[in-house]
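So for the sequence shown, this note's numbering puts the first residue at 309; every next one is plus one. Even for Gly, the Cβ is constructed at its ideal location relative to N, Cα and C. For clarity, every value in this text was computed on a predicted model and none was experimentally measured. In what follows, a structure is listed as structure tokens, so that the remarks can point back to it.
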Amino acid sequence: MNTNTAESIEQIYNFLKEDESFSSRQQFDKIERLLQELHTQGEHGFLAEKPYKFKFHFNGNYIGFNAGDAPRFGEKRAFLNWLLKKLKNMRTNDIL
Numbered sequence: 309m310n311t312n313t314a315e316s317i318e319q320i321y322n323f324l325k326e327d328e329s330f331s332s333r334q335q336f337d338k339i340e341r342l343l344q345e346l347h348t349q350g351e352h353g354f355l356a357e358k359p360y361k362f363k364f365h366f367n368g369n370y371i372g373f374n375a376g377d378a379p380r381f382g383e384k385r386a387f388l389n390w391l392l393k394k395l396k397n398m399r400t401n402d403i404l
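Below is the structure:
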């Protein structure tokens, strides 16, 4: 994962946090919204199933993972480090 990717993800995170209504959403909804922004295939191919199963296209690959172990979305550094690690290590076949 390159630095530009990490910076882009942090920018998206910061943008979402600026929305006042965003803070009242549940953890699942916050993660779903962030991953929708990262998804690069338009409306097709994005999957979000409760409790925390996600599948989406990112950087040329389909990524799939369970986000049940995610730190709280509001814990910025911990959450972003967790997400970057997931994106680096996961592929669709790992979970789905």
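Let me check one thing: in DSSP terms, what residues is H365 bridge-paired to? As a working mapping, residue 365 is identified with position 57 in the sequence shown. Per DSSP, Y370.
Expressed to the nearest angstrom, what Euclidean distance is found between the alpha-carbon atoms of I371 and F364? As a working note, residue 371 is residue 63 in the sequence shown. As a working note, residue 364 is residue 56 in the sequence shown. Looking at the two C-alpha atoms, the distance is approximately 5 Å.
Residues near H347 by beta carbon distance below 8 Å, same chain, minus five either side: Locating residue 347 in the sequence shown gives position 39, where the first residue counts as 1. Result list for H347: G353, F354, F364, H365 and F366, in chain order.
Taking DSSP as the reference, what is the three-state secondary structure of T400? Mapped onto the sequence shown, residue 400 falls at position 92. Residue placement at T400 is poorly supported in this model, since its pLDDT is 46, which falls under 50; the coordinates still yield a value, given next. The answer is helix: DSSP assigns T400 an H, G or I state.
Please classify K396 as buried or exposed, where buried requires at least 16 other C-beta atoms within 10 Å of its C-beta. Counting from one through the sequence shown, the residue named residue 396 turns up at place 88. When all chains shown are included, K396 counts as exposed.
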